[in-house]
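Participant: Using UniProt numbering, you'd call the opening residue of the sequence shown number 1 and step up by one each time.
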Amino acid sequence: MKSSPIIGVTGYHVRGEEGVGGTFRGLPGQGFSVVGHDYIHAVEKVGGIALGIPVGKPSSCRTIVEKLDGLILSGGEDIDPSLYGERPDMNCWTLAPERDRFELELLKEALQVRKPVLAICRGLQLFNVLFGGTLYKDLSDAGEKTLSHQFNRAPRWYLAHRVRLIHPGLKEIFGAQEIETNSYHHQGIKELGKGVEITAVAEDGIIEGIFHPDYPNVLAIQWHPETMAVQFKEGLLPFRWLMKQICQKGGNIS
1 MKSSPIIGVT GYHVRGEEGV GGTFRGLPGQ GFSVVGHDYI HAVEKVGGIA LGIPVGKPSS
61 CRTIVEKLDG LILSGGEDID PSLYGERPDM NCWTLAPERD RFELELLKEA LQVRKPVLAI
121 CRGLQLFNVL FGGTLYKDLS DAGEKTLSHQ FNRAPRWYLA HRVRLIHPGL KEIFGAQEIE
181 TNSYHHQGIK ELGKGVEITA VAEDGIIEGI FHPDYPNVLA IQWHPETMAV QFKEGLLPFR
241 WLMKQICQKG GNIS
């Protein structure tokens, strides 16, 4: 009997004092490694086994990737601007330099051995930064015509705006030329990394999807399909793509 693919999902660190009432269950001051359940549920719905990956030592990344069939880079904190040649300022929210270093190494290892990767929100931004791209530390810097992309108070599946799909492979995945998505980010891609191409844009021109021709086994999108999947079956499409990549070992979005 063939076993289900194991798909790693990156997590993040939560300090004990960030929890309700000063603790996150556990003991006062105790930290926790957290993985969003919506990612886990989405992976399970498409037939995979989700394995949470806590932030650890970059030196462990090769061993971790060897154990996985696929990788999901999840959303989360802002990426440290020093990684793209800038300094943090008042536009930055929570930074997690240790997570940045760990996930960059995890991504490099996955790319080296051609493991399929689904990069979501922060994951898309990290993919761009890896190739020398830059980010808007806040989308208010992108121009006065920029729409709000931060809907944290809305239901997590709330359809905030439309996204135009440019790349043929992305159109094939979603079966459409334009889709509606949720939106929970205040940062975004400013300058594309070397070799990186745009696959999708929002109504205001903000980049919502990217692709690197050397790594067609990576699907990088700005919205959160895992939370959309709570309400809409279309939210599972990127996860089905990931499973197809794993099962076919050679299918890609090119």
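C-beta atoms are modelled at their ideal positions from N, C-alpha and C, and glycine is treated no differently.
Taking C-beta to C-beta, are Leu83 and Phe127 nearer than 9 Å?
Facilitator: Residue numbering aside, residue 83 sits at position 83 when the sequence shown is read from its first letter. Residue numbering aside, residue 127 sits at position 127 when the sequence shown is read from its first letter. Going by C-beta atoms, Leu83 is not nearer than 9 Å to Phe127.
Participant: Quick one: grab the DSSP three-state call for Phe32.
Facilitator: Reading the sequence shown from its first residue, position 32 is the one you call residue 32. Residue state, collapsed to three classes: strand.
Participant: Could you tell me the distance, in whole angstroms, from the CA atom of Gly76 to the CA atom of Gly123?
Facilitator: Mapped onto the sequence shown, residue 76 falls at position 76. Mapped onto the sequence shown, residue 123 falls at position 123. Their Cα atoms are separated by approximately 9 Å.
Participant: Three-state secondary structure (DSSP) at Asp78?
Facilitator: Start at 1 with the first residue of the sequence shown, and residue 78 comes out as number 78. Residue state, collapsed to three classes: strand.
Participant: Along the alpha helix (DSSP H) that carries Leu237, what are the first and last residues, could you check?
Facilitator: Here residue 237 refers to the residue found at position 237 of the sequence shown. Per DSSP, Leu237 belongs to the alpha helix (DSSP H) from 237-248.
Participant: Considering only C-alpha positions, which residue in the set Lys57, Lys115, Leu68, Arg114 is nearest to Pro97?
Facilitator: Indexing the sequence shown from 1 puts residue 97 at position 97. Looking at the Cα atoms, Lys57 is the closest of the given residues.
Participant: What first and last residue would you give for the beta strand (DSSP E) that runs through Tyr12?
Facilitator: Residue 12 sits at position 12 when you count from the first residue of the sequence shown. Residues 12-14.
Participant: Taking only the alpha-carbon atoms, compute the straight-line gap between Ser4 and Asp69 and give it to the nearest angstrom.
Facilitator: If you number the sequence shown from 1, residue 4 lands on position 4. If you number the sequence shown from 1, residue 69 lands on position 69. Each residue's Cα considered, the two are about 9 Å apart.
Participant: Going by DSSP, what residues sit across from Thr181 in a beta bridge?
Facilitator: Working through the sequence shown from its first residue, we reach residue 181 at position 181. Thr181 is bridged to His161.
Participant: Let me check understanding here. Comparing Cα to Cα, which of Thr199, Gly29, Val43, Phe102 lies closest to Pro225?
Facilitator: Walking along the sequence shown from the start, residue 225 turns up at place 225. Ranking the options by Cα distance to Pro225, first place goes to Val43.
Participant: Evaluate the contact criterion for the segment 206-219 versus the segment 161-174: three or more CB pairs, one atom per stretch, below 8 Å.
Facilitator: Cβ pair count under 8 Å is three or more, so yes.
Participant: For the segment 111-121 against the segment 213-227, do three or more pairs of beta-carbon atoms, one drawn from each stretch, fall closer than 8 Å, so that the two count as touching?
Facilitator: With the cut-off at 8 Å, the segment 111-121 and the segment 213-227 touch.
Participant: Any contact between the segment 34-43 and the segment 87-96? By contact I mean 3 or more CB pairs, one from each, below 8 Å.
Facilitator: Too few Cβ pairs lie closer than 8 Å, so no.
Participant: Using a Cβ-Cβ cutoff of less than 6 Å, which residues in the same chain neighbour Arg240 once the five nearest sequence positions on both sides are dropped?
Facilitator: As a working mapping, residue 240 is identified with position 240 in the sequence shown. Within the same chain, Arg240 has close Cβ partners Val46.
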